[in-house]
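Heads up, the final residue of the sequence shown is numbered 293 in the UniProt record's numbering, and it's a clean run with no missing numbers.
Beta carbons are placed, not taken as given, at the ideal position from N, Cα and C, and that holds for glycine.
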Amino acid sequence: MELRYLRYFVAVAETKHFTRAAEMLGISQPPLSQQIKKLEEEIGTPLLKRLTRGVELTDAGEAFYQDACQILALTGHALEKAKGIARGISGKLSIGIASSTAFHPQIFRLLRSFQDRFPDIILLPQEESMASLMHDLQEGLLDAAFVRLPCESSKAFNLKAISSEKMALVLPAGHRLGNTPCLSLAQLREEPLILFPREVAPSLYELIISACLRAGFQPDDVQQSPQISSSISMVAAGFGITVVPDSLRCISLPGVSFHQIEDAALGSDIALAWRRWDRSPAVHHLVMMLTDD
Numbered sequence: 001m002e003l004r005y006l007r008y009f010v011a012v013a014e015t016k017h018f019t020r021a022a023e024m025l026g027i028s029q030p031p032l033s034q035q036i037k038k039l040e041e042e043i044g045t046p047l048l049k050r051l052t053r054g055v056e057l058t059d060a061g062e063a064f065y066q067d068a069c070q071i072l073a074l075t076g077h078a079l080e081k082a083k084g085i086a087r088g089i090s091g092k093l094s095i096g097i098a099s100s101t102a103f104h105p106q107i108f109r110l111l112r113s114f115q116d117r118f119p120d121i122i123l124l125p126q127e128e129s130m131a132s133l134m135h136d137l138q139e140g141l142l143d144a145a146f147v148r149l150p151c152e153s154s155k156a157f158n159l160k161a162i163s164s165e166k167m168a169l170v171l172p173a174g175h176r177l178g179n180t181p182c183l184s185l186a187q188l189r190e191e192p193l194i195l196f197p198r199e200v201a202p203s204l205y206e207l208i209i210s211a212c213l214r215a216g217f218q219p220d221d222v223q224q225s226p227q228i229s230s231s232i233s234m235v236a237a238g239f240g241i242t243v244v245p246d247s248l249r250c251i252s253l254p255g256v257s258f259h260q261i262e263d264a265a266l267g268s269d270i271a272l273a274w275r276r277w278d279r280s281p282a283v284h285h286l287v288m289m290l291t292d293d
């Protein structure tokens, strides 16, 4: 059964007149009558009662009309959905967020702006370690990701920097240097250092170790935290001190204080990564929003 039969029948059922239905459809009346007759023959029962001045639905026609309207509505929805996905204005977009960037406000401002501009796209953000994130992006499990540079396998992706971020020292309450707003790492060389696992954010891990070496010491007494954010809780509990991205100042945890670091080189870039030659229109729209900004 062709969809045009359904459209013709619905037009006749709603106008209750062959001539008016033909005018609405933009065809002549005789071919319309022939198509409706073929439809009735295909179904095997009359759908319309032909009257002197129009038509009315039979019981079978009334039931068929309800279903035909639903079929046409679903068909129209399916067509618009496919067209929307092809244009990148609907569908789903999986966005990875590296754990080391999860508290940076610019990422979520960008996602909010994207959602406002493309409300029919469902955003699926997920936080991962850098190792998991880069693997999932490479395998196509993610469409794009916010990463901290430099990152492993970065040559396999396009990268667009969105922000630079400094690091901050976190000290426990009551620390002898707790009232000093800006500190050097050398002043804290004897303190136990709390660090997240290297695989969570390899570039950030190496950045901190390199900064310690520049300050003249090798961090030996290192406590490991499960994640970057949890290292702040360990500081509050008295395990030592830590170095975290400056955006984690938003974690208002009692028992800790945040301090600037004198080492100007202790900072890194946050970037959007997506696969080279990715033709996803939705990803393209996201990248273009970065360019617009």
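Any idea what DSSP makes of T75, helix, strand or coil?
helix
Under 8 Å by Cβ, that's how I've got G255 and P181 pegged, so tell me the actual separation to the nearest angstrom.
Going by Cβ atoms, the distance from G255 to P181 rounds to 18 Å, so no, they are not a contact pair.
For M24, is the classification buried or exposed, using 16 other Cβ atoms within 10 angstroms of its Cβ as the cut-off for buried?
exposed
Is T75 buried or exposed, if buried means 16 or more other CB atoms sit within 10 Å of its CB?
exposed
Output the boundary residues of the beta strand (DSSP E) element that contains P172.
157 to 172
Can you confirm whether the segment 136 to 146 touches the segment 187 to 197 when touching is taken to mean that 3 or more C-beta pairs between the two stretches lie within less than 8 Å?
no
Which residue spans inside the UniProt domain "HTH lysR-type" (1 to 58) form an unbroken beta strand (DSSP E) run of at least 3?
48 to 51, 54 to 57
Under the rule that 16 or more other beta-carbon atoms within 10 Å means buried, what is G240, buried or exposed?
buried
What first and last residue would you give for the beta strand (DSSP E) that runs through E128?
121 to 128
Can you tell me where the alpha helix (DSSP H) with A236 in it begins and where it stops?
230 to 236
Assigned exposure category for Q34 - 16 Cβ within 10 Å defines buried
exposed
Does the segment 116 to 123 come within contact of the segment 282 to 291, defined as at least 3 CB pairs closer than 8 Å?
yes
Report the partner residues of I95 according to the DSSP bridge assignment.
P125, A144
Whole-angstrom distance between G216 and L123, CA atom to CA atom:
45 Å
Taking Cβ positions, are K16 and G54 nearer each other than 8 Å?
yes
Given R189 as reference, the closest of E2, R214, K160, S230 once Cα atoms are compared
R214
To the nearest angstrom, how far is it from the Cα of A273 to the Cα of S164?
15 Å
Find the nearest neighbour of P281 within the set E42, K92, G26, R50, judged by alpha-carbon distance.
K92
Other residues of its chain near S225: CB distance less than 6 Å, five sequence neighbours each side excluded
I194, F196, S231, M234
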